[in-house]
Each structure stands twice: as structure tokens, then as C-alpha cells.
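Undergrad: My questions will all concern the structure given below.
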Amino acid sequence: MLASMERAKEEGADLVELHIDCMSFSHISEVEQLLNQRTLPAIVSFRLNSASASSRGECKTKTKSRCLQILRLAVQLDVEFVEIDLEVAFDGIADFMNARSNSKIIVSTYVNSGRPSTEKLGNLIACLQSTGADVIKLVVDVVYITDVAPVFNMFTHCQVPLIARAVGDRGLISQLLGPKFGAFLVWGSLGGTSIPGLPPLLSIKQVYKLEHINASTKVFGVISNPVGHSKGPVLHNPAFRHTGYNGIYVPLLVDDVKKFFRVYSCADFAGFSVGIPHKEAAVGCCDEVDPLAKSIGAVNTVIRRPTDGKLIGYNTDCEACITAIEDAMRERQVANGEVSHTSPIAGKVFVLVGAGGAGRALAFGAKNRGARVFIFNRNFERAKALAQAVSGQALPYERLDTFRPENGMILANASSVGMQPNSDRTPVSKEALGAYNLVFDAVYTPRDTRLLREAAEVGAIVVSGVEMFVRQALGQFKLFTGGLAPEDFMRRIVYQQF
Ligand SMILES: NC(=O)c1ccc[n+]([C@@H]2O[C@H](COP(=O)([O-])OP(=O)(O)OC[C@H]3O[C@@H](n4cnc5c(N)ncnc54)[C@H](OP(=O)(O)O)[C@@H]3O)[C@@H](O)[C@H]2O)c1
């Protein structure tokens, strides 16, 4: 515990919580020694229903008496915060209040029934407050991210400082957004380890910088499932600070996107990135959808319009990948002394591999620029449906390697072939790449895919999925803030991260 405390200090914690019920000690003097040697302000707690208590096989009465003994010691030693469970609060709180010098008393309770209503939590808050505690603490099991909303509501009900935590992956925002709603404190996990529902302390300090969050902070986030892999938080949070915009961007592990928008409908939930698998369902949640996103049938960005609160959907993937391809071709044209006032994609054969979300964005973008679009997809029916939507042509996946109607074509991979952990794979053989003037790969993990490496080796212009990622993020940031995005700054972060 002392070693963990040192680590917490190094990582920037203001205080630590010491679960004495987890400690194995033969005599209470060992607890006294620990508390005397603490190197940070502490909360001392002793949970009555913890696994350690039951593994010792103690009866409830013995556990309660041990708990009160430890907490009394903490009060005597003037520990900053002493936490007592509601179950025994009335047995000990008067005694603690009389004996304390500087210790603050926290009374806590754990609700493990899942999906608590505002009414039920309100009654619990009233009960916790009636103990006369200095601070109260609510730990709640949640099933969906929407179950965290009643927990946020408790901050407005509460007359004393409140600590609230929703447990599990879907409760993570209770910690990240806690400071916005007035949480007395939030928890972080040590050593960069991820504990479901707890952000690593290092990310609280370095990415989210929660000390800057206040009631006026606008909330943004990425709606996805899974969401843990998203690079959005490490990009958008520093960009908000860089531009002086009071915003926070958090991972939102959402199961039902429609319900999410219904529950988090206040103006402070200002904008969202939308990821797998919600891009299509999110279209139906918007009050208005940008025409390009509508034709693609997917939104990757949703903004709550400040003037009337309506949800507006956009797709920044499409322009991101198409402009990345165009700019690379223009650059080559300039180097060759060529001048063109039309899109360099216009009239070109555009070979698209994949017909999922990224494939749809590329197909509509290429069609809008006047390319002749040919679609290859493992599932041929999907290729046919997309080809019809963009007046292109679908061809059997097996013909991809031999397809060569002309030279100087554009190849865009929007399938996940070549993505980690299968980075030794490629959708098109090196021999077939000679027919292409430019090769784009939407896959960005790894940054340098086998497809791009081999395309460069045969002399094609190569455009990486990382470039698409940067551009779609810049597009989102502009929509989020209604202004400009710090392009150089964001570009630098993305290229450092990938
Ligand atoms: N750079 C960026 O900003 C960006 C943005 C979005 C996506 N991406 C990347 O683009 C890729 C596709 O993403 P998505 O959102 O379009 O996913 P998606 O909607 O799930 O589509 C996946 C596509 O990959 C194909 N596919 C999967 N496994 C395959 C295999 N073993 N052989 C052949 N084809 C296979 C699928 O074909 P079937 O239809 O036959 O299943 C489908 O066309 C991913 O690697 C993703 O990371 C990058």
C-alpha cells in the first residue's frame, strides 16, 4: 500500500483511498503504522461486503466491529477522510464526530441492483445526508451508459459534497464528467492500468486534464461499441485546450444509440463522433442530415445545433479520403509541371475494394468527382448494391488481381484486409499494382501497410489511412467548435500516435 501510494503521488494524485479491508494484518498496530507513514492525504475505508471480508469467513458482527475499530483509529490519527458504510453509520458517526479534530466523515453506500431510478437514488441521497456526514458517496452498478444520467442528476439534489461512481465500462463517464456536475472527487487507476469504469490516473492528468473542467464545459465524445481503441480523446482534448475552447471529449460505450440521444438531450452534450456499429443507425436519430451523409447512408459526426438543440448529422469520412487522394495526385502533377483545374480523379478508373462504411464514403466521393467506379467486395451482393447506388460496376472479388482495363488507375482499399493483427495480408498482389498510378489504404493500423509498402516499391503514389484519419478529425473538430481546427497541432498528435 505504501508503494502504491508513492506511485499515486508520482502520477499526480491529490489523495488516495485505502481499503483497509483488503489488507492482511495480524495486529492493528500495522494499520496504525501504515496510516502514520502515508505520503498523501487519504480516505480510509473498510468495506463490509468486500471479497476479502468474506474470504476470511468472518461473521457480519465481527466484520462490523473490526470496521468500527479501524475507522476509530483513523479518526484518532487525524486521517483526512474517514469513510463509513451507511449500514453502520448510525453506530459510529456520533462517536467519530465527537472524537475528530480535522478528519472529514464520508458516509457511503453501494447500490448493486442495476438501473437505479432517479427517485430511488434521491431517497438514498436523503438518507445519506440525514446521517450528518460531511461528504456522502454513492457507488452504483449500471447496465447501460444511459443509467449514469440519474447519477448526474443527484448532484443537483444534494446539499452536501457528493462523490458518485457508476461501476463498470459503461459507467466511465461518471468519473470523466464528474467535475462538470460538481463531483467532490473522482477516481483514477494506477500505473496506466485500465479498470472497467475507472480512467487511468495518467490519462486524467495528461489527456483529460480534469482540473480544467467546470459547469460550462461542453461535452463531446465518440459513440461506439467497442470504444476503448478510439484515438479521439488523445486528439480532441489537447486540441480543445490548444484553441482555448472549454470542451471535453470522452469515450461513450453505447449499446442503443437512439436511447442515448433521447437521454442525453441537454445542450451541454454538444457533439459526437459516431463509430462502429452506429454510423447507419445514427442517421435515423438526427433531425437533419447533410445531403452527402444522407446519400452515403452513414453519419460519423452529430452536432447539437446551439440555436434550437436539433441534432444535425454529417459525414466527414468522405471528404477526408477523397481530398487526401486528390491532394497527393495534384502534388505529383505540380512536380511534373502539369496544371489542371478539375479534380485529378475525374474520368479515372477508381478501383474500390470493400463495401462497408469506409467503402461507401469512398464510392460516393469518387462518384461525386466524376470517376468511373469499380467495386470489388468479398460479399458480392453488397458490392452490387453499392455499385448501383453510385452508378458504378460491381465485379467478382476473385477478378481483382487480373482487372486491368487501362494503366494509371486509382486503387482504394476500404476493406479491413491488412489490418492488425493480420498485417502480413494485402488485398492486391504486388504484380497487379503496376497498373495503378495511386494506391490509397483506409487501414491505418499499421500505418505502413503491406499494400502501401508494395505500391511504393512499384512506383505508385501512396496515401495512408492516417491521412484520412487526420482529415476526418479536422472536419469534426471544425463542426464541434463552429470554427477552425488547429491543423498543424492535430496533425502532429496523430502522426505521433500512429
Ligand atoms: N482511415 C480512416 O480514417 C478510416 C475510417 C474508417 C475506416 N477505416 C478502416 O477501413 C477498414 C474498413 O472499415 P469499415 O468501417 O468500412 O468496416 P466495415 O463496415 O465493417 O467493412 C469491412 C469491409 O472489409 C471487408 N472484409 C473484412 N474482412 C475481409 C476479408 N478477410 N477479406 C476480404 N474482405 C474483408 C468486408 O467485406 P464483406 O462485406 O464481405 O464482409 C467489408 O467490405 C478498417 O480497417 C478501418 O479501420 C479507416
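Here the sequence shown is numbered in the UniProt record's numbering, starting from 1 and rising by one per residue. C-beta: ideal position from N, C-alpha, C; glycine also. What you are looking at is a predicted structure, and each value in this text was computed from that prediction instead of being measured.
1. Roughly how many angstroms separate the alpha carbons of Phe152 and Ala166, rounded to a whole number?
2. Taking the continuous beta strand (DSSP E) assigned at Gly247, which residues delimit it?
3. Could you tell me whether the region 323-342 touches the region 465-484, where touching means 3 or more Cβ pairs closer than 8 Å?
4. Express the C-alpha separation of Gln37 and Gly122 in angstroms, rounding to a whole number.
5. Is DSSP giving Phe374 helix, strand or coil here?
6. List, from N- to C-terminal side, the beta strand (DSSP E) runs of 3 residues or more that fit wholly inside the region 132-180.
7. Looking at Tyr208 and ligand 1, is the gap between the Cβ and the nearest heavy atom below 7 Å?
8. For Gln393, which residues in the same chain have their Cβ closer than 6 Å to its Cβ, ignoring the five residues on either side in sequence?
9. Can you list, in chain order, the stretches of the beta strand (DSSP E) that have 3 or more residues and sit fully within the region 217-247?
10. As an exercise, report each continuous alpha helix (DSSP H) stretch of at least 4 residues that is fully enclosed by the region 349-418, in chain order.
11. Give the single residue among Phe240, Arg7, Leu292, Val234 whose Cα lies nearest to the Cα of Ile312.
12. Where Thr342 and Ala412 are concerned, what is the direct C-alpha to C-alpha distance, given to the nearest angstrom?
13. Would you say the beta carbon of Ala96 comes nearer than 7 Å to a heavy atom of ligand 1?
14. Can the beta-carbon of Phe181 be found less than 8 Å from the beta-carbon of Phe155?
15. Within the same chain, show all residues whose beta-carbon is closer than 6 Å to that of Phe81, passing over the 5 residues directly before and after it, in chain order.
16. Using a Cβ-Cβ cut-off of 6 Å (strictly less than) and excluding sequence neighbours within five positions of Asn437, which residues of its own chain qualify?
17. What are the partner residues of Ala324, as DSSP defines its beta bridges?
18. Who pairs with Val439 in a beta bridge, going by DSSP?
19. Would you say Gln472 touches ligand 1, meaning its beta carbon is less than 7 Å from a heavy atom?
20. Can you tell me whether DSSP reads Pro291 as helix, strand or coil?
21. Taking Lys478 as the reference, which of Ser416, Ile276, Gly271 has the closest Cα?
22. Which residues mark the beginning and the end of the alpha helix (DSSP H) in which Leu68 is found?
23. Got a sec: does ligand 1 put a non-hydrogen atom nearer than 7 Å to the Cβ of Asn315?
24. So the alpha helix (DSSP H) Leu35 belongs to, where does it begin and stop?
25. If you check the beta carbons only, do Val186 and Val207 fall under 8 Å apart?
26. Would you check if the distance between the CB atom of Cys67 and the CB atom of Leu40 is smaller than 8 Å?
27. Measuring alpha carbon to alpha carbon, tell me which residue in Ala183, Phe260, Pro238 is nearest Gly284.
28. Is Asn153 near ligand 1 - that is, is its Cβ less than 7 Å away from at least one heavy atom of it?
29. Looking only at its own chain, which residues have a Cβ that is under 7 Å from the Cβ of Gly297, when we skip the five neighbours before and after it?
30. How far does the beta strand (DSSP E) with Ala13 in it reach, from first residue to last?
31. Please work out which residues of its chain come closer than 7 Å, Cβ to Cβ, to Val289, disregarding the five sequence neighbours upstream and downstream, and give them in chain order.
32. So for Tyr110, helix, strand or coil by DSSP?
33. Among the residues of its own chain, which have a CB less than 6 Å from the CB of Val227, if the five just before and after it don't count?
34. Could you check if His27 is buried or exposed, using at least 16 other CB atoms within 10 Å of its CB as the buried criterion?
35. Here's a check: name, in chain order, each residue in its chain whose Cβ is nearer than 8 Å to the Cβ of Asp448, leaving out the five neighbours to either side.
36. Helix, strand or coil for Arg305 per DSSP?
TA: So, from the data block:
1. 10 Å
2. 247-253
3. A contact between stretches requires three or more CB pairs, one per stretch, nearer than 8 Å, and the region 323-342 meets this requirement with the region 465-484.
4. Gly122 and Gln37 have their C-alpha atoms some 38 Å from each other.
5. strand
6. Unbroken beta strand (DSSP E) runs of no fewer than 3 residues, entirely contained in the region 132-180, are found at 135-141, 162-167, following chain order.
7. no
8. Phe374, Ala387
9. 218-224
10. Within the region 349-418, the complete alpha helix (DSSP H) runs of at least 4 residues are 357-368, 380-389.
11. Leu292
12. 20 Å
13. Looking at the sequence provided, one finds Phe at residue 96 rather than Ala. Outside the cutoff, so no.
14. yes
15. Taking C-beta separations shorter than 6 Å and ignoring five residues to either side along the sequence, the partners of Phe81 in its chain run Ile43, Lys104, Ile106, following chain order.
16. Gly408
17. None; Ala324 has no bridge partner.
18. Leu411, Val462
19. With a cut-off of 7 Å, the C-beta of Gln472 is classified as near ligand 1, since at least one heavy atom of the ligand falls inside that distance.
20. Secondary structure at Pro291: helix, using DSSP grouped into helix, strand and coil.
21. Comparing alpha-carbon positions, the option among Ser416, Ile276, Gly271 lying closest to Lys478 turns out to be Gly271.
22. 60-76
23. Not one heavy atom of ligand 1 lies closer than 7 Å to the C-beta of Asn315.
24. 28-36
25. The Cβ-Cβ distance between Val186 and Val207 does not fall below 8 Å.
26. no
27. Phe260
28. no
29. Glu280, Val283, Arg360
30. Neither: Ala13 is in no beta strand (DSSP E) and is coded neither H nor E.
31. Val283, Val299, Gly313
32. strand
33. Pro251, Leu253
34. exposed
35. Ser464
36. coil
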